[in-house]
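If you count by the numbering used here, then the sequence shown holds residues 2 to 519, one letter each, in order. Comments concern the structure below.
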Amino acid sequence: MIKNDSQAKDFDVIIIGSGMGGLTTGSLLAQLGGKRVLILERHFKLGGFTHSFRRKDYEWDVGVHYVGQMQAGSMTRRIMDLVTRGGVQWNPMGSPFERFVFPEGSFEVPDDPKLFLEKLRERFPDDAAAITRYFKDLRKVQGWIGRWFVAKQYSAPIARLLTMGSRKLVGMTTSEYLLRFKDPLLRAFLASQWPDYGSPPDESAFGFHATVAGDFLNGGYYPIGGSKVIATEMERAIESHGGKCLVSHEVVAINTHHGKACGVTVKHKGKETYYSSPVVVSNAGAITTFTKLVSPDFCETERRQALSLKRGVSAHILFLGLNDDPRKHGFDEANYWLYDRLDHDVHGRDREGKPPGVDGVFVSFGSLRNPGQEPHTAQVITFSQESRWGDFEGSKWKKRGDVYEQQKVDVSNEMLDFTEKYLPGLRKLVDYQELSTPLTIESFTGHAAGMVYGQTCDRNRLFRDQWKIKTSLPNLYLTGSDVGTPGVNGALMAGVMTAGKLLGPLGVPKIMSRAFMG
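And the structure:
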């Protein structure tokens, strides 16, 4: 990873953004296509939400807390091993790996789908039949989502053919599906992971809920060494084939020639430079791509769609450095989902025009998942759909003033006060704390309003004929979660589909063959 490039500025493929989708696309094009790939990252660290950072002696991952489907032999693990050339080892979190906690009761999620099913049926016997059906529907939806990914490569008629069947199931809201259960506590338990895809049950399509819930049926995994190793290994794959990964290089425009994308304009250290390529892939998100990077002379339909999208959630992320091993105080490596009410649809919403207080948090102890990591760390996250930080829009990182800093202290205290009610003793372990706000996320990712997952995960995202891999501007392609699903695995598969498109008609089969056969 380098911060400047004095060598030739011509590459086979330019990729905007070094998130999971961009790096996956680049690694596959380099390894299977022999392409010279240039990755351009606006942040001073590579990896998007997979990068790590340090304060004092503490280290945290910014966006990866656990990943599903990383058991040996799974399709997702085989693809991950391909793009990282087997350089990432995965540590299973053990069982239970999730704890859903409400005032009305709690539930521990095992890392075995059969045991999970049995525990739910024992706890909620009146809903036993509906629970069995739910697990079958998770598998059915995962199959449909797989075809939906493949359909991104094809024209509308073929795409519709591939995604026939189960459309009513995948398109209903999660809330509508959950009405099949009688017990409100069961409904709350099953929807507790909604922050993993960023849309509460009354907004999210069941297809997205089922994709994420299904991903974690076999438990959670964590990359040994922290999430930064994912980006590091893909960077090595790209550079071993003559490519480059440049940080602190912000793409400010996608250049065109004779109506085709031909490269990008980049700002680095206050100066602009140009890189040319016959192919440009944007991992910057559809909204940023079509409203900021592409000239208004092109992609009119995509721009109009981007401007009409309902924005997704952002987050407050509280990074904690701990003064002792949390296991000595009764905590373990499981995720803690803490909520003060059963109705997920009210969490983080404005109430009577006033910013809501903290009413639900996600807590993880990252250091417990990474063997040998000390000193210990934790994160507390709350998702928000309100604009608490509107007075500071347009301000620069670390230059937002005393009022902003005091507001961060207030929010941090709210989050810790809430967490302490459910996890007493955590607060006394805090040696260091730092809050990331939606403005922080926007500064480093370029995502409007600090959106974590881009657009909302509603039925329109599934069924609208938008965000195809190939855009209406020739030579410009998309990758990342906006053409896939949220999270590491969603962006990974989006990268597979984009690379497959660029590798030719048999691109995806070629990738799958390499992943499974070597």
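Each residue gets a CB set at the ideal place from its N, CA and C atoms; glycine is no exception.
Boundaries for Arg305: no beta strand (DSSP E) harbours it, while the alpha helix (DSSP H) harbouring it runs 301 to 309, taken from the DSSP string. Secondary structure note for Ala379: its beta strand (DSSP E) is the uninterrupted segment 378 to 385. Under the three-state reduction of DSSP, Gln72 is assigned to coil, being neither helix nor strand. If you look at Gly264, you'll find it in the beta strand (DSSP E) that goes 261 to 269. Nearest neighbour of Leu507 by Cα position, chosen from Thr441, Gln154, Ser193, Arg79, turns out to be Gln154.
Under the three-state reduction of DSSP, Asn256 is assigned to strand.
Within its own chain, the residues whose Cβ lies closer than 6 Å to the Cβ of Leu218, once the five positions on either side in sequence are excluded, are Pro114, listed in chain order. In this structure, the alpha-carbon of Ala130 lies about 41 Å from that of Gly451. The beta carbon of Tyr454 lies closer than 6 Å to those of Gly199, Gly313, Pro487 in the same chain, with the five residues before and after it left out. Excluding the 5 residues flanking it on each side, Asp418 has same chain C-beta neighbours closer than 8 Å at Val359, in chain order.
One Cα belongs to Glu109, the other to Lys469, and the distance between them is close to 39 Å. By the Cβ rule, the stretch 258 to 270 does not count as touching the stretch 237 to 245, because fewer than three pairs are nearer than 8 Å.
Within its own chain, the residues whose Cβ lies closer than 8 Å to the Cβ of Met235, once the five positions on either side in sequence are excluded, are Leu24, Thr25, Gly27, Ser28, Val84, Thr85, listed in chain order. For Ala206, DSSP records a beta bridge to Thr174. Judged by DSSP in its simplified three-state form, Lys502 adopts helix.
The stretch 208 to 226 makes no contact with the stretch 378 to 387: fewer than 3 CB pairs, one atom from each, lie closer than 8 Å.
Residue pairing by DSSP puts Tyr478 in a beta bridge opposite Val282, Lys471. Here DSSP, grouped into helix, strand and coil, assigns Lys245 to strand. If you draw a straight line from the Cα of Glu421 to the Cα of Leu427, it comes to about 6 Å.
Taking a cut-off of 8 Å for Cβ pairs, the stretch 325 to 337 and the stretch 360 to 376 touch, as three or more such pairs fall below it. When DSSP states are grouped into helix, strand and coil, Asn490 belongs to the helix group. DSSP places Pro185 outside any beta strand (DSSP E); the residue lies instead in the alpha helix (DSSP H), whose first and last residues are 185 to 191. In this structure, Val267 and Leu294 do not form a Cβ contact; the two beta carbons are roughly 11 Å apart against a cut-off of 8 Å. An exposed status is given to Phe517, since fewer than 16 other beta-carbon atoms sit within 10 Å of its beta-carbon.
When secondary structure is reduced to three states using DSSP, Trp338 falls in the strand class.
The alpha-carbon separation between Arg305 and Pro297 amounts to approximately 11 Å. Look at Glu119 here: in three-state DSSP terms it is helix. At the C-beta level, Thr133 and Leu118 come within 8 Å of one another. Rounded to the nearest whole angstrom, the C-alpha separation of Ile40 and Glu375 is 32 Å. Sequence-distant Cβ neighbours of Pro475 in its own chain, meaning closer than 6 Å and more than five residues away, are Lys261. Between Thr446 and Gly49 a beta carbon distance of about 7 Å is seen, short of the 8 Å cut, so the two are scored as contacting. According to the DSSP assignment, Glu234 belongs to the alpha helix (DSSP H) that extends over 229 to 240. Straight-line spacing of the CA atoms in Thr174 and Leu121 works out to 22 Å. Closest in alpha carbon position to Glu303, among Gly361, Asp483, Asp341, Ser413, is Asp483. Ranked by Cα distance from Ile318, the first of Tyr59, Val63, Phe54, Ala31 is Val63. Within the stretch 96 to 167, the complete alpha helix (DSSP H) segments at least 4 residues long are 114 to 124, 129 to 152, 157 to 163, listed from N- to C-terminus.
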